[in-house]
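Chemist: Every position in the sequence shown, counted from 1, becomes a number in the working numbering once 1 is added. Glycine included, C-beta positions come from ideal geometry on N, C-alpha and C. To start, I am sharing the structure in question, which I have written as C-alpha coordinates.
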Amino acid sequence: MALKKFIFQLHKILGLATGIVVFIVAITGCCWAFREEIEGLYDDYKYVTPQDAPQLTPTQAKTFAEAVFPNNSVHGTVFKGPKDAIEVIFYDAEPEFYQSVFLNPYSGEVIQVDNHLTGFFAFILKGHMRLWLPKAIGEQLVAASILIFILIIISGFVLWWPKKRKNLKQRITFDWKKSTRWKRKNFDLHTVVGFYICAFALIIAFTGSVISYNWLKYVVYKSTGGDKVPAFIIPKNESEALNDPETLPMDHLIVKLQKESPNAVAYELHYPENKEESIYVEVSNSEGLYYDADFRFFDQNTLEELETPGIYGKYKDAKFADKILRMNYDIHIGAIGGLAGKILAFLISLITATLPVTGVLLWYGRHYKKKRK
(Lines of atoms letter the chains of each structure in order from A; the text may use other names.)
(Lines give C-alpha, C1' and ligand atoms only; values in the text may rest on other atoms or scores of the structure.)
Protein backbone atom coordinates (compact mmCIF):
# COMPACT_ATOMS: atom_id res chain seq x y z
CA MET A 2 0.00 0.00 0.00
CA ALA A 3 2.83 2.39 0.82
CA LEU A 4 4.41 1.63 -2.57
CA LYS A 5 1.12 2.28 -4.38
CA LYS A 6 0.73 5.56 -2.51
CA PHE A 7 4.18 6.60 -3.63
CA ILE A 8 3.43 5.59 -7.24
CA PHE A 9 0.16 7.52 -7.10
CA GLN A 10 1.90 10.68 -5.88
CA LEU A 11 4.59 10.25 -8.52
CA HIS A 12 1.95 9.77 -11.23
CA LYS A 13 0.04 12.84 -10.07
CA ILE A 14 3.03 15.17 -9.72
CA LEU A 15 4.62 14.15 -13.03
CA GLY A 16 1.26 14.36 -14.79
CA LEU A 17 0.55 17.87 -13.51
CA ALA A 18 4.10 19.00 -14.35
CA THR A 19 4.06 17.77 -17.96
CA GLY A 20 0.33 17.82 -18.75
CA ILE A 21 0.28 20.90 -20.97
CA VAL A 22 3.33 19.70 -22.94
CA VAL A 23 1.87 16.22 -23.48
CA PHE A 24 -1.45 17.77 -24.56
CA ILE A 25 0.22 20.05 -27.15
CA VAL A 26 2.53 17.32 -28.48
CA ALA A 27 -0.37 14.84 -28.77
CA ILE A 28 -2.75 17.28 -30.50
CA THR A 29 -0.11 18.47 -32.97
CA GLY A 30 0.94 14.87 -33.61
CA CYS A 31 -2.68 14.05 -34.36
CA CYS A 32 -2.83 16.93 -36.89
CA TRP A 33 0.45 15.82 -38.51
CA ALA A 34 -0.71 12.23 -39.17
CA PHE A 35 -2.31 12.93 -42.56
CA ARG A 36 -0.06 15.76 -43.72
CA GLU A 37 1.03 14.01 -46.93
CA GLU A 38 -2.53 13.05 -47.87
CA ILE A 39 -3.85 16.57 -47.23
CA GLU A 40 -1.00 18.30 -49.06
CA GLY A 41 -1.57 15.91 -51.96
CA LEU A 42 -4.94 17.59 -52.56
CA TYR A 43 -3.31 20.83 -53.75
CA ASP A 44 0.08 19.87 -55.20
CA ASP A 45 -0.72 20.03 -58.93
CA TYR A 46 2.29 22.30 -59.45
CA LYS A 47 4.55 19.31 -58.77
CA TYR A 48 3.57 17.71 -62.08
CA VAL A 49 4.42 18.60 -65.69
CA THR A 50 3.63 17.31 -69.17
CA PRO A 51 6.21 14.65 -70.12
CA GLN A 52 8.43 15.49 -73.09
CA ASP A 53 10.67 13.47 -75.37
CA ALA A 54 13.71 15.45 -74.26
CA PRO A 55 16.57 15.06 -71.75
CA GLN A 56 15.96 16.29 -68.23
CA LEU A 57 18.12 18.77 -66.36
CA THR A 58 21.31 17.46 -64.82
CA PRO A 59 21.97 18.01 -61.09
CA THR A 60 24.37 20.85 -61.92
CA GLN A 61 21.86 22.57 -64.20
CA ALA A 62 19.04 22.21 -61.67
CA LYS A 63 21.24 23.72 -58.96
CA THR A 64 22.22 26.64 -61.22
CA PHE A 65 18.62 27.48 -62.13
CA ALA A 66 17.48 27.30 -58.49
CA GLU A 67 20.38 29.37 -57.15
CA ALA A 68 19.17 32.23 -59.30
CA VAL A 69 16.15 32.36 -56.96
CA PHE A 70 18.13 32.15 -53.70
CA PRO A 71 21.74 33.12 -54.52
CA ASN A 72 22.69 33.66 -50.87
CA ASN A 73 21.44 30.36 -49.47
CA SER A 74 22.74 26.78 -49.41
CA VAL A 75 21.38 24.01 -51.62
CA HIS A 76 20.74 20.95 -49.46
CA GLY A 77 19.77 18.56 -52.24
CA THR A 78 17.74 17.99 -55.40
CA VAL A 79 14.90 15.49 -55.80
CA PHE A 80 14.43 13.77 -59.16
CA LYS A 81 11.39 11.59 -59.82
CA GLY A 82 9.77 10.57 -63.12
CA PRO A 83 9.23 12.23 -66.52
CA LYS A 84 5.98 13.86 -65.33
CA ASP A 85 7.36 15.22 -62.04
CA ALA A 86 8.91 18.61 -61.38
CA ILE A 87 12.45 18.70 -60.02
CA GLU A 88 12.60 19.94 -56.43
CA VAL A 89 15.72 21.81 -55.31
CA ILE A 90 15.83 22.08 -51.51
CA PHE A 91 17.57 24.97 -49.75
CA TYR A 92 18.44 24.73 -46.06
CA ASP A 93 20.47 26.86 -43.64
CA ALA A 94 20.51 26.39 -39.88
CA GLU A 95 21.41 29.95 -38.86
CA PRO A 96 19.40 31.96 -39.60
CA GLU A 97 16.89 29.18 -40.21
CA PHE A 98 15.98 28.93 -43.89
CA TYR A 99 14.12 26.02 -45.47
CA GLN A 100 12.53 26.44 -48.90
CA SER A 101 12.07 24.41 -52.08
CA VAL A 102 12.22 25.59 -55.68
CA PHE A 103 10.22 23.47 -58.14
CA LEU A 104 11.58 23.48 -61.69
CA ASN A 105 10.31 22.27 -65.01
CA PRO A 106 12.63 19.26 -65.56
CA TYR A 107 13.05 20.05 -69.28
CA SER A 108 13.37 23.84 -69.43
CA GLY A 109 14.49 24.85 -65.94
CA GLU A 110 11.56 27.25 -65.60
CA VAL A 111 10.64 28.00 -61.99
CA ILE A 112 7.14 26.60 -61.37
CA GLN A 113 6.73 27.40 -57.67
CA VAL A 114 8.64 28.20 -54.49
CA ASP A 115 7.52 26.57 -51.21
CA ASN A 116 8.50 27.93 -47.80
CA HIS A 117 8.55 24.95 -45.43
CA LEU A 118 8.72 27.24 -42.38
CA THR A 119 5.33 28.86 -42.98
CA GLY A 120 1.78 27.55 -43.31
CA PHE A 121 -0.44 25.29 -41.22
CA PHE A 122 1.77 22.19 -41.08
CA ALA A 123 4.90 24.21 -40.38
CA PHE A 124 3.05 25.74 -37.43
CA ILE A 125 1.97 22.27 -36.28
CA LEU A 126 5.51 20.85 -36.55
CA LYS A 127 7.01 23.73 -34.55
CA GLY A 128 4.46 23.10 -31.82
CA HIS A 129 5.08 19.37 -31.85
CA MET A 130 8.87 19.63 -31.69
CA ARG A 131 9.40 22.75 -29.59
CA LEU A 132 6.08 24.20 -28.35
CA TRP A 133 6.62 27.29 -30.55
CA LEU A 134 9.47 28.27 -28.22
CA PRO A 135 13.09 28.98 -29.25
CA LYS A 136 14.60 25.77 -30.62
CA ALA A 137 17.24 25.29 -27.91
CA ILE A 138 14.65 25.57 -25.11
CA GLY A 139 11.57 24.03 -26.70
CA GLU A 140 13.18 20.85 -28.01
CA GLN A 141 14.74 20.05 -24.63
CA LEU A 142 11.46 20.69 -22.83
CA VAL A 143 9.51 18.45 -25.20
CA ALA A 144 12.13 15.67 -25.07
CA ALA A 145 12.25 15.66 -21.26
CA SER A 146 8.44 15.78 -20.93
CA ILE A 147 7.91 12.83 -23.28
CA LEU A 148 10.54 10.82 -21.44
CA ILE A 149 8.66 11.57 -18.21
CA PHE A 150 5.39 10.66 -19.95
CA ILE A 151 6.76 7.14 -20.40
CA LEU A 152 7.06 6.90 -16.59
CA ILE A 153 3.53 8.29 -16.27
CA ILE A 154 2.18 5.55 -18.57
CA ILE A 155 3.97 2.80 -16.65
CA SER A 156 2.91 4.16 -13.23
CA GLY A 157 -0.64 4.58 -14.52
CA PHE A 158 -0.79 0.93 -15.52
CA VAL A 159 0.47 -0.12 -12.07
CA LEU A 160 -2.24 2.01 -10.42
CA TRP A 161 -4.89 0.64 -12.79
CA TRP A 162 -4.09 -3.01 -12.01
CA PRO A 163 -6.83 -4.29 -9.62
CA LYS A 164 -5.96 -6.01 -6.37
CA LYS A 165 -8.61 -8.68 -6.96
CA ARG A 166 -9.27 -10.47 -10.23
CA LYS A 167 -13.04 -10.09 -9.84
CA ASN A 168 -12.64 -6.30 -10.13
CA LEU A 169 -11.00 -6.58 -13.54
CA LYS A 170 -14.24 -6.20 -15.48
CA GLN A 171 -14.97 -2.93 -13.68
CA ARG A 172 -11.58 -1.58 -14.77
CA ILE A 173 -12.09 -2.30 -18.48
CA THR A 174 -15.72 -1.23 -19.02
CA PHE A 175 -17.83 1.90 -18.69
CA ASP A 176 -20.63 1.02 -16.28
CA TRP A 177 -22.51 4.29 -16.55
CA LYS A 178 -26.09 4.83 -15.45
CA LYS A 179 -28.30 7.89 -15.36
CA SER A 180 -27.31 8.33 -11.73
CA THR A 181 -23.55 8.11 -12.42
CA ARG A 182 -21.92 11.38 -11.40
CA TRP A 183 -19.59 13.26 -13.74
CA LYS A 184 -16.64 12.64 -11.41
CA ARG A 185 -17.08 8.90 -11.81
CA LYS A 186 -17.42 9.27 -15.58
CA ASN A 187 -14.30 11.39 -15.69
CA PHE A 188 -12.43 8.77 -13.60
CA ASP A 189 -13.47 6.05 -16.06
CA LEU A 190 -12.47 8.18 -19.04
CA HIS A 191 -9.03 8.56 -17.52
CA THR A 192 -8.45 5.00 -16.34
CA VAL A 193 -10.39 2.81 -18.79
CA VAL A 194 -9.37 4.79 -21.87
CA GLY A 195 -5.82 5.03 -20.53
CA PHE A 196 -5.65 1.25 -20.20
CA TYR A 197 -6.77 0.60 -23.77
CA ILE A 198 -4.29 2.99 -25.37
CA CYS A 199 -1.35 2.68 -22.96
CA ALA A 200 0.60 0.17 -25.09
CA PHE A 201 0.22 2.25 -28.26
CA ALA A 202 0.92 5.52 -26.45
CA LEU A 203 4.04 3.94 -24.95
CA ILE A 204 5.29 2.99 -28.43
CA ILE A 205 4.69 6.48 -29.83
CA ALA A 206 6.30 8.15 -26.79
CA PHE A 207 9.29 5.81 -26.84
CA THR A 208 9.95 6.22 -30.57
CA GLY A 209 9.68 9.99 -30.09
CA SER A 210 12.28 9.81 -27.33
CA VAL A 211 14.60 7.80 -29.58
CA ILE A 212 14.37 10.62 -32.13
CA SER A 213 15.17 13.19 -29.43
CA TYR A 214 18.04 11.47 -27.60
CA ASN A 215 21.14 10.07 -29.29
CA TRP A 216 22.09 8.16 -26.13
CA LEU A 217 18.75 6.32 -26.22
CA LYS A 218 19.22 5.60 -29.92
CA TYR A 219 22.61 4.09 -29.07
CA VAL A 220 21.15 1.98 -26.24
CA VAL A 221 18.34 0.64 -28.46
CA TYR A 222 20.74 -0.16 -31.28
CA LYS A 223 23.37 -1.93 -29.19
CA SER A 224 20.79 -3.82 -27.12
CA THR A 225 19.31 -5.31 -30.31
CA GLY A 226 22.70 -6.54 -31.49
CA GLY A 227 23.87 -3.65 -33.68
CA ASP A 228 27.53 -3.65 -34.69
CA LYS A 229 27.73 -0.46 -36.78
CA VAL A 230 27.66 3.22 -35.87
CA PRO A 231 24.04 4.31 -35.16
CA ALA A 232 24.44 7.55 -37.08
CA PHE A 233 24.39 9.00 -40.59
CA ILE A 234 27.97 9.11 -41.87
CA ILE A 235 29.05 10.41 -45.28
CA PRO A 236 32.32 8.71 -46.32
CA LYS A 237 35.23 10.67 -47.78
CA ASN A 238 36.35 10.56 -51.42
CA GLU A 239 39.01 8.00 -52.24
CA SER A 240 40.36 9.75 -55.36
CA GLU A 241 41.92 13.08 -56.15
CA ALA A 242 39.96 15.91 -57.77
CA LEU A 243 39.84 16.04 -61.56
CA ASN A 244 41.36 19.03 -63.35
CA ASP A 245 38.53 21.22 -64.69
CA PRO A 246 36.31 18.52 -66.21
CA GLU A 247 33.88 19.74 -68.90
CA THR A 248 31.05 17.69 -67.40
CA LEU A 249 30.97 16.81 -63.72
CA PRO A 250 30.72 13.03 -63.13
CA MET A 251 27.81 13.81 -60.78
CA ASP A 252 25.67 14.79 -63.79
CA HIS A 253 25.66 11.16 -64.96
CA LEU A 254 24.65 9.78 -61.58
CA ILE A 255 20.85 10.14 -61.66
CA VAL A 256 20.60 8.45 -65.08
CA LYS A 257 22.81 5.65 -63.75
CA LEU A 258 20.63 5.15 -60.66
CA GLN A 259 17.39 5.26 -62.66
CA LYS A 260 18.68 2.33 -64.71
CA GLU A 261 19.79 0.41 -61.62
CA SER A 262 16.62 1.10 -59.59
CA PRO A 263 13.85 1.71 -62.15
CA ASN A 264 11.06 1.09 -59.61
CA ALA A 265 12.26 3.71 -57.11
CA VAL A 266 9.86 6.59 -56.47
CA ALA A 267 12.48 9.32 -55.98
CA TYR A 268 16.22 10.03 -56.06
CA GLU A 269 17.38 12.79 -53.72
CA LEU A 270 20.92 13.87 -54.59
CA HIS A 271 22.98 15.82 -52.06
CA TYR A 272 25.85 17.96 -53.31
CA PRO A 273 29.23 17.57 -51.60
CA GLU A 274 30.13 20.48 -49.32
CA ASN A 275 33.82 20.26 -50.22
CA LYS A 276 36.28 18.38 -52.44
CA GLU A 277 36.88 15.67 -49.84
CA GLU A 278 33.23 14.70 -49.30
CA SER A 279 31.45 12.07 -51.38
CA ILE A 280 28.08 12.47 -53.07
CA TYR A 281 25.18 10.76 -51.38
CA VAL A 282 21.84 9.89 -52.93
CA GLU A 283 18.76 8.78 -51.02
CA VAL A 284 16.85 6.36 -53.24
CA SER A 285 13.26 6.13 -51.97
CA ASN A 286 11.78 2.73 -52.70
CA SER A 287 8.28 3.22 -51.23
CA GLU A 288 5.87 6.15 -51.30
CA GLY A 289 5.43 7.62 -47.83
CA LEU A 290 8.01 5.37 -46.15
CA TYR A 291 11.56 6.17 -45.10
CA TYR A 292 13.01 3.04 -43.49
CA ASP A 293 13.51 1.02 -46.69
CA ALA A 294 15.32 3.78 -48.61
CA ASP A 295 18.78 3.06 -50.03
CA PHE A 296 21.46 5.55 -48.97
CA ARG A 297 24.20 5.31 -51.57
CA PHE A 298 27.53 7.12 -51.57
CA PHE A 299 29.76 7.83 -54.56
CA ASP A 300 33.22 9.24 -55.10
CA GLN A 301 32.54 12.63 -56.71
CA ASN A 302 35.43 12.19 -59.16
CA THR A 303 35.06 8.59 -60.32
CA LEU A 304 31.49 7.68 -59.22
CA GLU A 305 32.91 4.61 -57.54
CA GLU A 306 30.42 3.47 -54.89
CA LEU A 307 31.64 3.82 -51.32
CA GLU A 308 30.59 2.07 -48.11
CA THR A 309 29.58 3.89 -44.95
CA PRO A 310 30.34 2.68 -41.40
CA GLY A 311 26.91 3.97 -40.31
CA ILE A 312 23.57 2.16 -40.36
CA TYR A 313 22.24 4.22 -43.26
CA GLY A 314 23.39 2.36 -46.35
CA LYS A 315 21.63 0.00 -48.77
CA TYR A 316 18.50 -1.44 -47.17
CA LYS A 317 19.24 -4.97 -48.41
CA ASP A 318 22.46 -4.89 -46.37
CA ALA A 319 20.69 -3.75 -43.17
CA LYS A 320 20.67 -6.21 -40.28
CA PHE A 321 17.92 -6.63 -37.68
CA ALA A 322 19.22 -3.88 -35.36
CA ASP A 323 19.73 -1.52 -38.32
CA LYS A 324 16.14 -2.07 -39.47
CA ILE A 325 14.72 -1.47 -35.98
CA LEU A 326 16.39 1.93 -35.78
CA ARG A 327 15.60 2.84 -39.38
CA MET A 328 11.93 2.00 -38.82
CA ASN A 329 11.71 4.21 -35.75
CA TYR A 330 10.35 7.34 -37.49
CA ASP A 331 7.85 5.39 -39.63
CA ILE A 332 6.59 3.65 -36.48
CA HIS A 333 6.33 7.00 -34.69
CA ILE A 334 4.04 8.54 -37.32
CA GLY A 335 2.15 5.31 -38.08
CA ALA A 336 3.35 5.15 -41.70
CA ILE A 337 4.78 1.66 -41.08
CA GLY A 338 1.20 0.33 -41.21
CA GLY A 339 0.09 2.25 -44.30
CA LEU A 340 -3.21 4.12 -44.13
CA ALA A 341 -4.45 1.90 -41.29
CA GLY A 342 -1.31 2.73 -39.29
CA LYS A 343 -1.83 6.45 -39.81
CA ILE A 344 -5.45 6.20 -38.71
CA LEU A 345 -4.35 4.33 -35.59
CA ALA A 346 -1.64 6.93 -34.86
CA PHE A 347 -4.22 9.70 -35.34
CA LEU A 348 -6.68 8.11 -32.91
CA ILE A 349 -4.04 7.25 -30.31
CA SER A 350 -2.66 10.80 -30.41
CA LEU A 351 -6.14 12.28 -30.14
CA ILE A 352 -7.10 10.08 -27.18
CA THR A 353 -3.72 10.65 -25.51
CA ALA A 354 -4.44 14.38 -25.57
CA THR A 355 -7.53 13.76 -23.41
CA LEU A 356 -5.56 12.06 -20.61
CA PRO A 357 -3.91 15.23 -19.23
CA VAL A 358 -7.33 16.92 -19.32
CA THR A 359 -9.17 14.16 -17.44
CA GLY A 360 -6.19 13.83 -15.08
CA VAL A 361 -6.27 17.52 -14.16
CA LEU A 362 -10.05 17.31 -13.64
CA LEU A 363 -9.51 14.35 -11.29
CA TRP A 364 -6.92 16.32 -9.32
CA TYR A 365 -9.09 19.42 -9.24
CA GLY A 366 -12.17 17.46 -8.11
CA ARG A 367 -10.32 15.92 -5.17
CA HIS A 368 -8.47 19.12 -4.27
CA TYR A 369 -11.61 21.24 -4.52
CA LYS A 370 -13.61 18.68 -2.51
CA LYS A 371 -11.04 18.75 0.30
CA LYS A 372 -11.05 22.55 0.37
CA ARG A 373 -14.84 22.69 0.44
CA LYS A 374 -14.96 20.24 3.35
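Would you list the residues sitting across from Asp115 in a DSSP beta bridge?
Modeler: Here residue 115 is taken as the residue at index 114 of the sequence shown, counted from 1. Answer is Ser101.
Chemist: Round the Cβ separation of Ile205 and His333 to the nearest angstrom and send it over; I've been treating them as touching at under 8 angstroms.
Modeler: For the purposes of this step, residue 205 is taken as residue 204 along the sequence shown, with counting starting at 1. For the purposes of this step, residue 333 is taken as residue 332 along the sequence shown, with counting starting at 1. Correct: roughly 6 angstroms between the Cβ atoms.
Chemist: According to DSSP, is Leu190 part of a helix, a strand, or is it coil?
Modeler: In the sequence shown, the residue the question calls residue 190 occupies position 189. The answer is helix: DSSP assigns Leu190 an H, G or I state.
Chemist: Who are the Cβ neighbours of Lys317 in its own chain at under 6 angstroms, not counting the five residues just before and after it?
Modeler: The residue you call residue 317 lines up with position 316 of the sequence shown. Answer for Lys317: no residue qualifies.
Chemist: For Thr225 versus Ala319, is the C-beta distance shorter than 8 angstroms?
Modeler: Position 224 of the sequence shown, counted from the first residue, corresponds to residue 225. Position 318 of the sequence shown, counted from the first residue, corresponds to residue 319. The answer is no: Cβ separation not under 8 angstroms.
Chemist: When DSSP labels each residue in this structure, what does Lys315 get in the three-state scheme?
Modeler: In the sequence shown, counting from the first residue as 1, residue 315 sits at position 314. Reduced to three states, the DSSP call for Lys315 is coil.
Chemist: Do Gly128 and Gly157 have their beta-carbon atoms positioned less than 8 angstroms apart in this structure?
Modeler: Position 156 of the sequence shown, counted from the start, is the residue given in the question as residue 157. Position 127 of the sequence shown, counted from the start, is the residue given in the question as residue 128. Contact flag unset, no.
Chemist: Taking the alpha-carbon of Ile28 as reference, which of Ser350, Leu152 and Ile344 has the nearest alpha-carbon?
Modeler: Taking the sequence shown and counting its residues from 1, the one referred to as residue 28 is at position 27. Checked all of Ser350, Leu152 and Ile344; the closest Cα to Ile28 is Ser350.
Chemist: Take the Cβ of Val22 as the centre, count every other Cβ of all protein chains shown within 10 Å, and call the residue buried at 16 or more, exposed below.
Modeler: On the sequence shown, residue 22 is found 21 positions in, with the first residue counted as 1. So Val22 ends up on the buried side.
Chemist: Since I believe Phe299 is in contact with Ile280 (beta carbons under 8 angstroms), could you give me their beta-carbon distance rounded to a whole number of angstroms?
Modeler: Here the question's residue 280 lines up with position 279 in the sequence shown. Here the question's residue 299 lines up with position 298 in the sequence shown. At roughly 5 angstroms, the Cβ-Cβ gap stays under 8 angstroms, so Ile280 and Phe299 are in contact.
Chemist: Would the beta-carbon of Thr78 fall within 8 angstroms of that of Ala62?
Modeler: The residue given as residue 78 occupies position 77 in the sequence shown. The residue given as residue 62 occupies position 61 in the sequence shown. For Thr78 and Ala62, yes; Cβs fall inside 8 angstroms.
Chemist: Do Val266 and Glu288 have their CB atoms nearer than 8 angstroms?
Modeler: Counted from its first residue, the sequence shown places residue 266 at position 265. Counted from its first residue, the sequence shown places residue 288 at position 287. In contact: Val266 and Glu288 (Cβ atoms closer than 8 angstroms).
Chemist: State buried or exposed for Trp133, treating a residue as buried only when at least 16 other CB atoms are found within 10 Å of its CB.
Modeler: Translated into the one-based positions of the sequence shown, residue 133 becomes position 132. Looking at its Cβ environment, which holds fewer than 16 other Cβ atoms inside 10 Å, Trp133 is exposed.
Chemist: Taking only the alpha-carbon atoms, compute the straight-line gap between Glu278 and Ile235 and give it to the nearest angstrom.
Modeler: Position 277 of the sequence shown, counted from the start, is the residue given in the question as residue 278. Position 234 of the sequence shown, counted from the start, is the residue given in the question as residue 235. Spanning the two alpha carbons is a distance of roughly 7 angstroms.
Chemist: Just to confirm the assignment, what range does the beta strand (DSSP E) spanning Ala267 have?
Modeler: Mapped onto the sequence shown, residue 267 falls at position 266. Element bounds for Ala267: Ala267 to His271.
Chemist: Inspect the beta-carbon positions of Asp295 and Lys324 and report whether they are closer than 8 angstroms.
Modeler: Start at 1 with the first residue of the sequence shown, and residue 295 comes out as number 294. Start at 1 with the first residue of the sequence shown, and residue 324 comes out as number 323. In this structure, Lys324 does not lie closer than 8 angstroms to Asp295 by Cβ.
Chemist: Which term fits Ser240, buried or exposed, when burial requires 16 or more other beta carbons within 10 angstroms of its beta carbon?
Modeler: As a first step, residue 240 must be located in the sequence shown, where it is residue number 239. Per the 10 Å Cβ criterion, exposed.
Chemist: Return yes when the Cβ of Ile151 is within less than 8 angstroms of the Cβ of Phe91, no when it is not.
Modeler: The count along the sequence shown starts at 1 and reaches residue 91 at position 90. The count along the sequence shown starts at 1 and reaches residue 151 at position 150. In this structure, Ile151 does not lie closer than 8 angstroms to Phe91 by Cβ.
Chemist: Measuring CA to CA, which of Thr353, Pro83 and Leu290 is closest to Tyr197?
Modeler: Within the sequence shown, the letter at position 196 stands for residue 197. For the residues Thr353, Pro83 and Leu290, the minimum Cα distance to Tyr197 belongs to Thr353.
Chemist: How far does the alpha helix (DSSP H) with Glu67 in it reach, from first residue to last?
Modeler: What you label residue 67 is simply residue 66 of the sequence shown in a count that begins at 1. In this chain, the alpha helix (DSSP H) harbouring Glu67 covers Pro59 to Glu67.
Chemist: Helix, strand or coil for Glu241, going by three-state DSSP, please let me know.
Modeler: As a working mapping, residue 241 is identified with position 240 in the sequence shown. Of the three classes helix, strand and coil, the one that applies to Glu241 here is coil, per DSSP.
Chemist: Short of 7 angstroms in beta carbon distance, which residues of its chain neighbour Asp93, apart from the five on each side in sequence? Order them along the chain.
Modeler: The residue given as residue 93 occupies position 92 in the sequence shown. These residues qualify, in order along the chain: Asn73 and Ser74.
Chemist: Could you check the C-alpha separation between Ala66 and Leu104 for me, to the nearest Å?
Modeler: Sequence index remark: in the sequence shown, residue 66 carries index 65 (1-based). Sequence index remark: in the sequence shown, residue 104 carries index 103 (1-based). So the alpha carbons of these two residues sit roughly 8 angstroms apart.
Chemist: Here's the rule: buried if 16 or more other CB atoms are within 10 angstroms of the residue's CB, otherwise exposed. What is Phe121?
Modeler: Here residue 121 is taken as the residue at index 120 of the sequence shown, counted from 1. Around the C-beta of Phe121, fewer than 16 other C-beta atoms lie within 10 Å, and the residue is accordingly described as exposed.
Chemist: Is the beta carbon of Met251 sitting closer than 8 angstroms to the one on Thr60?
Modeler: Within the sequence shown, the letter at position 250 stands for residue 251. Within the sequence shown, the letter at position 59 stands for residue 60. Contact flag set, yes.
Chemist: Look up Ile138 in the DSSP assignment and give the residues it is bridged to.
Modeler: Residue mapping note: residue 138 aligns to position 137 of the sequence shown, counting from 1. Paired residues: none, contrary to the question.
Chemist: Let's see if you can read the secondary structure: which residues bound the beta strand (DSSP E) around Ile90?
Modeler: One-based indexing of the sequence shown puts residue 90 at position 89. Ile87 to Asp93 is the span of the beta strand (DSSP E), which, as asked, contains Ile90.
Chemist: Phe347 and Ala34 - do their beta-carbons sit closer together than 8 angstroms?
Modeler: The residue labelled residue 34 in the question sits at position 33 within the sequence shown. The residue labelled residue 347 in the question sits at position 346 within the sequence shown. It is a contact, given that the beta carbons lie within the stated cut-off.
Chemist: Just to confirm my understanding: we take Lys237, look at its own chain, exclude 5 residues before and 5 after, and list those with CB closer than 7 angstroms. What are they?
Modeler: Along the sequence shown, read from residue 1 onward, the residue named residue 237 stands at position 236. In its chain, beyond the 5 residues on either side, Glu277, Glu278 and Ser279 have a beta carbon closer than 7 angstroms to the beta carbon of Lys237.
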